[in-house]
Each structure stands twice: as structure tokens, then as C-alpha cells.
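One structure below.
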Amino acid sequence: MDKDRQKLISELEEKARKIRVLVVKMAGMSDCHTGGSLSMADMLSALYFYTMKVDPQNPLWDGRDYFILSKGHTVPALDAALAIKGFFPEEAVTTHLELDSIISGHACAKATPGIEVSTGSLGHGLSIGVGTALGIRMDKASNRVFVILGDGELQEGSNWESAMSASHHKLDNLIAIVDRNRYQTGPTEAMMSLEPLADKWKSFGWAVKTINGHDIGQIVDTLDSLPFEKGRPSVIISETIKGKGVSFIMNHHMARFNEERLKEALRELGEEV
Amino acid sequence: MAKSFSEVLLELAIDDPRICGVSCDCWGFIAPLAQRFPERAIELGIAEQNLIGVSAGLALRGKIPFAIGMNPFVTMRCFEQIRTDLGYGSRNVKVIGGYGSGLMYGGWGCTHHAIEEIGLMRLIPTMVVLMPSDAYETEQAVRAVAKMDCPAYISLAGGTLPIGKPESERSYELGKASLLREGDDVTIFGTGMTVGDTLRAYDMLAEKGISARVYSMHTIKPIDNETILKSAKETKLIITIEEHTVIGGLGGAVAEVLADAGAGTPLKRLGLQDVFACMVGSHKDVKERFGITSEAIVDTVLKTLK
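In the order they appear, the protein sequences are chains A and B. Numbers 1 to 273, taken from our numbering, label the letters of the first sequence in order. Numbers 1001 to 1306, taken from our numbering, label the letters of the second sequence in order.
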């Protein structure tokens, strides 16, 4: 059992590393919201390679779990996860932002296979998640809906309309994940404080768990314990580091790498360059 | 006798299990649906942004939500959600302005006037925009959008207009203006609640020997280019009348069609002339003060044609 678990964790860590490598390669090509992409790589690895039911051959499969990236600017990490999962060839990410590429600057459902919802303007994804979860319930189906939100994004009031309605309607098939990297264009707590964040979600009727969003073991255990309470939506506050994995871009919102920086970043991620 | 919105919605929902109702504190509109299919009627409270986002999510799961709020709020507060989540997102959601089209709220204040609803909704690529004038056109509009796979906005209307024909002899085609009176001198386009004004103006003009052609422009988008250009050719003047700012509304839409075609026929746009209708009084009082009446149509015709 322990051995299996260790194997799983190693595999997911490797997938997360690979997601980061592809993100960094995209940042080597063009402007890229690198920091917030790297911070959620571990969570995406666990979601796409462990928890969620998806079919890369049939992205609109009726039985799929729905994933909504509400922080749509960090789509490079999602593109990377989708490519590794097999929704499209990995080489596609090297066309990031090129003419007519399927790899867009913000999440675009029309461009990229596997992207469920087009996002980019903050504060939209959770409401769409609530609606999807309600629709699933109408169908008496067991699909789940995962929404990743930025922490700075929670400054948008619309999120709290969604949060209120999710608990009112007892949507325990809805899971929000806050990528709590504590940095927007500047430090989040200094710009507009969110604390006490867990209490805010609790008071809106959600079941809350706060975890280290870079500890795959903790992520896996947390995802395994969903829903945290029957009849309540679950929220994971995933404490992360913006730019995780590349030391010289910690807390950078956007980063584009020149050739030298790109090599340096790839080396830090264990690539041979 | 035309069915009310909520009766039609229930009827459509019986035939199509994907249809559901989502309310932003407008429960009355989906109460009959809720009675029959409780799980398909959702109340979200006073939260327009969430109304549209949730509806987009329902559509993502393959449902056809009718999302109902009050006209001024459901077109303005959540404009970006309609534009991005429904328009850009290509979600099959029908947004319903349930209460308070145009200046209907009269003296209750400018917060409750929907004088930008047409302009805002028609700005959004792929959005279908409907302004029925009475219960008959409302029922037809609801049936028509239910069959289309695209986002749409309907500003609801009720009541009966003195059209002069029983409902069984009327016809409705989305995208095609309804001819209500025939005439050769002037064309009058009303939409939503101003169609009643156009019918009264027809009679008043007839007494003065002027023959007016009257249309209900129940579809603002896609606009009926053909009818507008035909009227420009066959009559000497075109009048539009709307409880809306003339910028970007029905008048704006008609002006665009005329200008694009190089039609030189004079156009007079009655409506709010870049002002808020800020006053206390009834719906009728507000319309009178801001020149959105049958009398204003007649005055404009007489001045322009003399």
C-alpha cells in the first residue's frame, strides 16, 4: 500500500515537473503568465492524472468531470496538462500565441481541445461551475465540477454571489480550489486583504480545507476526501508560491525568458540543456 | 388568446427536458415550471452576475436555461457575463427582461429605466434581441428563441394592442418586421411598448389625410434590412419611436441600415435624446415630457413633410 502510494506520488510529481517544463518553454517563446501557472502545477497534476475522469479522445464525453480555470490567464499550465494527458500533441505548446495556434493567451474553449470554458476576465468561473453542478444534479448524474480560482481573483464580488448560491443549493458535487499564491501584480494581502480567507468561505456555507499546494501527498489525500461534507460545496485553499520551481521568478506575475534564462529555468526543473 | 411567458415556458419544458428556468428574484415567472418540475426551476436571489454565470454553466451541461431578471439590471449589472460567458462562450441561454422594459417604471426613477437595453444587447456579437409589443408577439418570441441554438434577449411585453386582427390571423417571423398598417406617405417603426403609440399615430395622421405604414420592429437583431430599405424607397419619411436612448437603440439600428445602403430618405428618431428621464410622474407623464408619444409622431410627420 505504502509502496503504491509512493509510486503514485512520484508519478504525479513527475507530471507536475513536466507541466512546469512546458510552461517555462512557453515563457521562452512569448509573454506568459508564468508565475500563476507554475504555482498551480502540482494541483493540476493531481487533478488530471489522478482525480478527474476525463477522456482525451472524447473531450465532451458525457461522463467527464468538468474543469473550469477561472484564473484564465494562467492557461499555459492547463495547456501543458492537457497536452501531457493527450488532448493534443505536446509540440503544440511550442506554437504559444502564434498565428492561428490552438494555444491561446487566455483560456479559450474554441481554440484548445479539452478547455471547457473560455475565461480571462476574473470572477466568472465559479458561477459557471455552480450552473454546471446544478445541471449535473438535474440529470441525477455523478460528474463533479472543479474550479480553480486565483486568490487575487476573489476580490471580484461576483465570486461571493456564486459562493452563496453554491451552499444554498447544497452543491456537494462542486469543488473550488483557491490557488493561494498571495501575489497578484503585487502582494495580495497588502493590496486588498482576503484574510481570514478560510472563515470567509466557512461563513458562506462551504466546507474548507487549507493545504500545502506543493505537497502532492497532501493534495491527493485532500482530493480523496471529497466532498468534505455531504450537502456542502468543498473549497481547498491551496497555499502555493507564485513561480514555484524557478527560483528567479518567484512572485513574478508575467515573465518571458530570453535564451539564457530559459536554459537556467529548465536546468532548475531538472532538464538537461 | 396568447399564453403568458410562464405558461409557454412550461409548455416548452414539457416537450424538451433541457429547458429550465433560472430566476433572479423573479420567481413568479417560473413558478408554474417549478410546480411541475421542481428540479428545473432555480432561484438565485438578487444577483444578476451569478444568474448569467449559472445559466452559462447549465448550458455547458446541455440545458437550455431561460434566465429571468428585471430589464435594467439584467442587461447592465451582468453585461460582461452576457457578453463573455454567453456571447463569446456561445452558450444557448435565453436572457429574459421580465419587468421594466424601457420607461415602464415611469416616475420610480432612472435606476429602473431600461433605456440602454436594446443598445447593450445588440452590441454583443451573435446575440438575438427581441422586443415584442404585446402578449401575442411575446408568446411567438419565446417559442422562436427556444428553437434557436444561440444566446438571445427578450424584453417581455404583455397586454393586447388594437391590431385589428384576431391572433389566429396574425403572423410572426423572427427577423421580419410585422406590418400592422399599410400606407404610402410615411413609415413608422415602433418596438416593444411604443407600438401602441404608432397605432394611435396612424389614426391621427389618417384624419389629417396622411397615410402611414406602421411596423412592429419586434426583432432588433438581426434587423430587418429588407423592410427598412423597402420603406425608404416607397415612403417619404421614416420615423422610429422607442422608450430608449436614440443612440444605439432602434433608431440607431435603422440609421445604420439606411446609411450603409446610401438611402437618402429622411429619418427622425423619437426617444430619449441623450438625456435621463429624471422626473416624478407616471409612465404616461414621462413619455409625454420626453416626446415619446403618438402626438410627437404626428408633430414630427407634419413638420417634416410640410
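Positions of the beta carbon are idealized from the N, C-alpha and C atoms, including for glycine. The structure presented is a predicted model; accordingly, all values stated were derived computationally and were not measured.
**Study point:** Neighbouring residues, chain B, relative to A/Ile-136 (Cβ below 8 Å)
**Key:** For the purposes of this step, residue 136 of chain A is taken as the residue at position 136 of the first sequence. In chain order: Arg-1061.
Leaving out five residues before and five after B/Ala-1296 in sequence, what residues of the same chain have Cβ atoms less than 6 Å from its Cβ? Here residue 1296 of chain B refers to the residue found at position 296 of the second sequence. Once the five neighbours on either side are set aside, the close Cβ partners of B/Ala-1296 are Leu-1270.
I want to know whether the segment 1128–1148 of chain B touches the segment 250–270 of chain A - three or more CB-CB distances under 8 Å. no
Check your understanding: Is the shortest distance between the beta-carbon of A/His-214 and the beta-carbons of chain B less than 8 Å?
Key -> Along the first sequence, one-based indexing puts residue 214 of chain A at 214. Output row for A/His-214: interface = no.
With three or more C-beta pairs closer than 8 Å as the rule, is the segment 69–87 of chain A touching the segment 109–122 of chain A?
Cβ pair count under 8 Å is three or more, so yes.
On the three-state DSSP scale, how would you describe B/Ala-1034? For the purposes of this step, residue 1034 of chain B is identified with residue 34 of the second sequence, where counting begins at 1. Residue state, collapsed to three classes: helix.
Fill in: Identified DSSP bridge partners for B/Lys-1268
Residue 1268 of chain B sits at position 268 when you count from the first residue of the second sequence. The partner list for B/Lys-1268 (beta bridge, DSSP) reads B/Ile-1239.
- prompt: Whose CA, out of B/Val-1275, B/His-1283 and B/Val-1008, lies closest to the CA of B/Glu-1137?
  reply: As a first step, residue 1137 of chain B must be located in the second sequence, where it is residue number 137. For the set B/Val-1275, B/His-1283 and B/Val-1008, the Cα lying nearest the Cα of B/Glu-1137 is the one of B/Val-1008.
Strictly below 7 Å CB to CB, what residues from chain B border A/Ile-128? Against the first sequence, residue 128 of chain A aligns to sequence position 128. Residues of chain B passing the Cβ test: Gly-1053, Ala-1056, Gly-1057, Leu-1060 and Asp-1085.
- Which chain B residues are close to A/Glu-116, counting only those with a beta carbon under 9 Å from its beta carbon? Position 116 of the first sequence, counted from the start, is the residue given in the question as residue 116 of chain A. What A/Glu-116 touches in chain B: Leu-1060.
_Just checking: is the beta-carbon of A/Gly-36 within a distance shorter than 8 Å of some beta-carbon in chain B?_
Counted from its first residue, the first sequence places residue 36 of chain A at position 36. No, no contact with chain B.
*Run of the alpha helix (DSSP H) containing B/Phe-1005, from where it starts to where it stops*: Mapped onto the second sequence, residue 1005 of chain B falls at position 5. That run of the alpha helix (DSSP H) goes 1005–1015.
Check: In chain order, what residues of the same chain have a beta carbon less than 8 Å from the beta carbon of A/Lys-209, not counting five sequence neighbours either side?
Finding: Taking the first sequence and counting its residues from 1, one reaches residue 209 of chain A at position 209. So the list reads Thr-222, Ser-225, Phe-228, Ser-234, Val-235, Ile-236 and Ile-237, once near-sequence residues are dropped.
- Message: Counting only C-beta atoms, is B/Asn-1071 closer than 8 Å to chain A at any point?
- Response: In the second sequence, the residue the question calls residue 1071 of chain B occupies position 71. No, B/Asn-1071 lies away from the interface with chain A (no Cβ there is under 8 Å from its Cβ).
_Taking CB distances under 8 Å as the criterion, tell me whether B/Ile-1228 reaches chain A._
Taking the second sequence and counting its residues from 1, one reaches residue 1228 of chain B at position 228. No - not a single Cβ of chain A is within 8 Å of the one on B/Ile-1228.
Fill in: Same chain only: Cβ atoms within 7 Å of B/Ala-1201, ignoring 5 sequence neighbours per side
Residue mapping note: residue 1201 of chain B aligns to position 201 of the second sequence, counting from 1. A distance below 7 Å between beta-carbons, with the five flanking residues on each side excluded, links B/Ala-1201 to the following residues of its chain, in chain order: Ile-1188, Ala-1212, Ser-1294, Ile-1297 and Val-1298.
Taking the runs of the beta strand (DSSP E) that are 3 residues or longer, which of them lie wholly in the segment 117–176 of chain A? 145–150
Problem - Per DSSP, the bridge partner or partners of A/Asp-179 - result: Working through the first sequence from its first residue, we reach residue 179 of chain A at position 179. Note: A/Asp-179 sits in a beta bridge opposite A/Gly-150 and A/Ser-238.
Report task. Grab me the residues of B/Gln-1273's own chain with a C-beta within less than 7 Å of its C-beta, minus the 5 sequence neighbours each way, in chain order. Result -> In the second sequence, counting from the first residue as 1, residue 1273 of chain B sits at position 273. Cβ neighbours of B/Gln-1273 beyond the five flanking positions: Val-1246.
- Item | Cβ distance (whole Å) where B/Ser-1055 is taken to contact A/Gly-131 below 8 Å | Numbered from 1 along the second sequence, position 55 holds the residue referred to as residue 1055 of chain B. Numbered from 1 along the first sequence, position 131 holds the residue referred to as residue 131 of chain A. Indeed they touch by this definition, with Cβ atoms about 6 Å apart.
Q.
Using 8 Å as the threshold, is the C-beta distance between B/Pro-1266 and B/Thr-1300 below it?
A. Within the second sequence, the letter at position 266 stands for residue 1266 of chain B. Within the second sequence, the letter at position 300 stands for residue 1300 of chain B. Contact: no.
*asked:* Suppose you measure from the CA of A/Thr-185 to the CA of A/His-252; what does that come to, to the nearest Å?
replied: Within the first sequence, numbered from 1, the residue matching residue 185 of chain A stands at position 185. Within the first sequence, numbered from 1, the residue matching residue 252 of chain A stands at position 252. Taking the straight line from one Cα to the other gives about 8 Å.
### Message
Please identify, using Cβ separations under 7 Å, the residues of the segment 84–107 of chain A that lie next to chain B, in order along the chain.
### Response
So nothing in the stretch comes that close.
Quick one: grab the DSSP three-state call for B/Cys-1020.
-> As a working note, residue 1020 of chain B is residue 20 in the second sequence. Note: B/Cys-1020 maps to strand in three-state DSSP.
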